[in-house]
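The next block holds one structure in the form of structure tokens; read it before the comments.
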Amino acid sequence: MTANAAGRYATALFELAKSEGAADAVEADLSAFQAMLGESAELRGALASPLHTAEVKAGILAALAKKAEFNAMTGNAFGVAARNGRAGQLGQVARIFAALAAADRGIVTADVQTAAALTKKQTEALAASLKSAFGREIEVRTEVRPELMGGLIVKVGSRMFDSSLRTKLDGMKTAMKEA
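Take 187 as the starting number for the sequence shown in this note's numbering and just add one per residue.
Here's what the structure looks like:
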């Protein structure tokens, strides 16, 4: 998880934030930033685009951090990432930071992809099932991916469980080609 550039940025930021007692504030900032990325294709595009210079991206992120009243450490991390050409990876940095923070609290994170949004009751039932399977507290993060058509994909650490309809149909298609 931390072998790539986003992982190194997230790890460094987490360790610094934890040593300064700001891990919770930075985690909240990054969660809010992820929500902003999810809601704004324009923001995602601006940060990922090679047409914008690193300084333009740093300016965008600085303005965003100031308007959202993010912790100074979060704003500084955004600036460093942007100036080093990593602005487009900040969403991944935020996800890895959240996983590091959860692991530090003794909570395992499960990334769940579903074809349709899960209800609160379904999410709680899934968390309870995963807790009994892994013997640890599980924090469930969901993502809706309509192309799965049904079922779900659950990733916990390095383990992945895929019961999506798309995967089953692809398997049947392959089996029919081989017959």
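All C-beta atoms in this analysis are idealised placements derived from N, C-alpha and C, irrespective of residue type, glycine included.
Only a predicted model underlies this, so the values are computations on that prediction, with no experimental measurement involved.
{"Asked": "Which residues DSSP lists as bridging PHE347, in chain order", "Found": "VAL340"}
{"Asked": "Which of helix, strand or coil DSSP assigns to GLU255", "Found": "coil"}
{"Asked": "Under the three-state DSSP convention, the category GLU364 falls into", "Found": "helix"}
{"Asked": "As assigned by DSSP and simplified to three states, the class of ALA240", "Found": "helix"}
{"Asked": "Residue-chain proximity (GLY336, chain C), Cβ-Cβ < 8 Å", "Found": "As a matter of chain content, chain C is missing from the structure shown, which is built from one protein chain."}
{"Asked": "Beta-bridge partners of ALA296, as assigned by DSSP", "Found": "VAL326 and VAL342"}
{"Asked": "7 Å Cβ shell around ALA251 - same chain, five flanking residues per side excluded", "Found": "THR260, GLY261 and PHE264"}
{"Asked": "N-terminal and C-terminal residue of the alpha helix (DSSP H) that GLY207 is part of", "Found": "That residue, GLY207, is in no alpha helix (DSSP H); it is neither H nor E in DSSP."}
{"Asked": "Pick from ASN270, PHE256 and ALA289 that is closest to GLU323, judged by C-alpha positions", "Found": "ALA289"}
{"Asked": "Proximal residues to ARG269 (C-beta, below 6 Å), its chain only, five neighbours per side dropped", "Found": "ALA240 and ALA244"}
{"Asked": "Residue span of the alpha helix (DSSP H) that contains LEU233, given as start and end", "Found": "227 to 234"}
{"Asked": "Inter-residue CB distance, ALA192 and ILE282 (contact presumed, cutoff 8 Å)", "Found": "6 Å"}
{"Asked": "Under the three-state DSSP convention, the category ALA291 falls into", "Found": "According to the sequence displayed, residue 291 carries Arg and not Ala. Here ARG291 sits in coil by DSSP."}
{"Asked": "Nearest-angstrom Cβ-Cβ length linking GLU336 and SER350, presumed shorter than 8 Å", "Found": "The sequence given here places Gly at residue 336; Glu does not occur at that position. Rounded, the Cβ-Cβ distance is 7 Å, consistent with contact."}
{"Asked": "Inter-stretch contact at 8 Å, needing at least 3 Cβ pairs: the region 297 to 311 / the region 208 to 221", "Found": "no"}
{"Asked": "Under 8 Å between C-beta atoms of LEU202 and ALA280", "Found": "no"}
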